[in-house]
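Have a look at the structure below before the remarks.
In my numbering, the protein residues as written are 32 to 207.
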């Protein structure tokens with residue numbers, strides 16, 4: 032009889048602990064632009080852009096779906112802007128495109144349009160002042176070899192990026 036009750040209690044304890052450990056942390060993402068229901072969404076950690084778009088009812092007819100990487104992981108406090116085709120085509124044509132701050136969902140950050148150094152690709156890094164193809168590739172190579180950047184100090188370890196460059200970049204980048 033006692034053996035039976037210990038089995039029952041261990042079975043009861045199992046789902047509770049499994050439930051606690053399987054409850055993922057929530058992230059909050061601000062979705063704007065050409066989506067059916069823009070707003071702030073709570074998602075499970077590890078969610079991707081396509082999960083967010085599904086929650087928002089999908090894209091509008093004029094959304095620039097080609098501008099999105101729907102497989103990208105989302106991070107807490109991220110802000111994504113989905114451009115219309117008209118906006119996306121205009122942005123990609125002009126030589127000044129992206130210089131003020133990107134609205135590309137791949138690099139946009141909380142409320143700011145700052146470039147996320149840990150997620151940006153070569154082209155996105157090149158939108159930063161003083162960062163050409165060579166330095167952008169050096170950033171990506173360093174990130175690949177050493178893992179994510181956590182601060183400006185970490186970014187300063189990349190060959191070719193010194194104190195003056197860090198001063199230019201400090202208000203334009205984030206490390207998520």
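For glycine and all other residues, C-beta sits at the position ideal for the given N, C-alpha and C.
Can you look up residue i in the DSSP assignment and give me helix, strand or coil?
i           : result
residue 153 : helix
residue 95  : coil
residue 101 : coil
residue 73  : strand
residue 61  : strand
residue 189 : coil
residue 109 : strand
residue 171 : helix
residue 90  : strand
Could you name the residues of the same chain whose beta carbon sits closer than 7 Å to that of residue i, not counting the 5 residues immediately before and after it, in chain order?
i           : result
residue 64  : 112, 113 and 114
residue 56  : 76
residue 199 : 160 and 161
residue 212 : Nothing about residue 212 can be read from this structure; the chain reaches only from 32 to 207.
residue 138 : Because residue 138 sits at a pLDDT of 42, beneath the cut-off of 50, its placement in the model cannot be relied upon, and the point is left open.
Buried or exposed, going by whether 16 or more other CB atoms sit within 10 Å of the CB of residue i?
i           : result
residue 134 : With a pLDDT of 42 at residue 134, under the threshold of 50, the modelled position of that residue is not reliable, and the figure given next carries that caveat. It is buried - the Cβ of residue 134 has at least 16 other Cβ atoms within 10 Å.
residue 164 : exposed
residue 66  : buried
residue 59  : exposed
residue 277 : Nothing in the structure corresponds to residue 277, since the chain is present only between 32 and 207.
residue 175 : exposed
residue 19  : The requested residue 19 does not occur in the structure, where the chain is confined to residues 32 to 207.
Can you find the residues in the same chain that come closer than 8 Å, C-beta to C-beta, to residue i, ignoring five residues on each side of it along the sequence?
i           : result
residue 171 : 152, 153 and 156
residue 80  : 99, 100, 101, 102, 103, 105, 111 and 136
residue 83  : 60, 62, 72, 74, 105 and 111
residue 93  : 65, 115, 116 and 117
Comparing alpha-carbon positions, which option in the options lies nearest residue i?
i           : options               : result
residue 95  : 187, 117, 166 and 104 : 117
residue 159 : 197, 173, 69 and 70   : 197
residue 190 : 168, 199 and 207      : 168
residue 78  : 89, 69 and 107        : 107
residue 109 : 166, 70 and 186       : 70
residue 188 : 173, 119 and 195      : 173
Who are the near neighbours of residue i in its chain, counting only those whose CB is closer than 6 Å to its CB and skipping five residues on each side?
i           : result
residue 86  : 72
residue 119 : 95 and 98
When you compare the segment 145-155 with the segment 179-194, are there three or more beta-carbon pairs, one atom per stretch, that lie closer than 8 Å? Yes, since at least three Cβ pairs between the segment 145-155 and the segment 179-194 fall closer than 8 Å, the two stretches touch.
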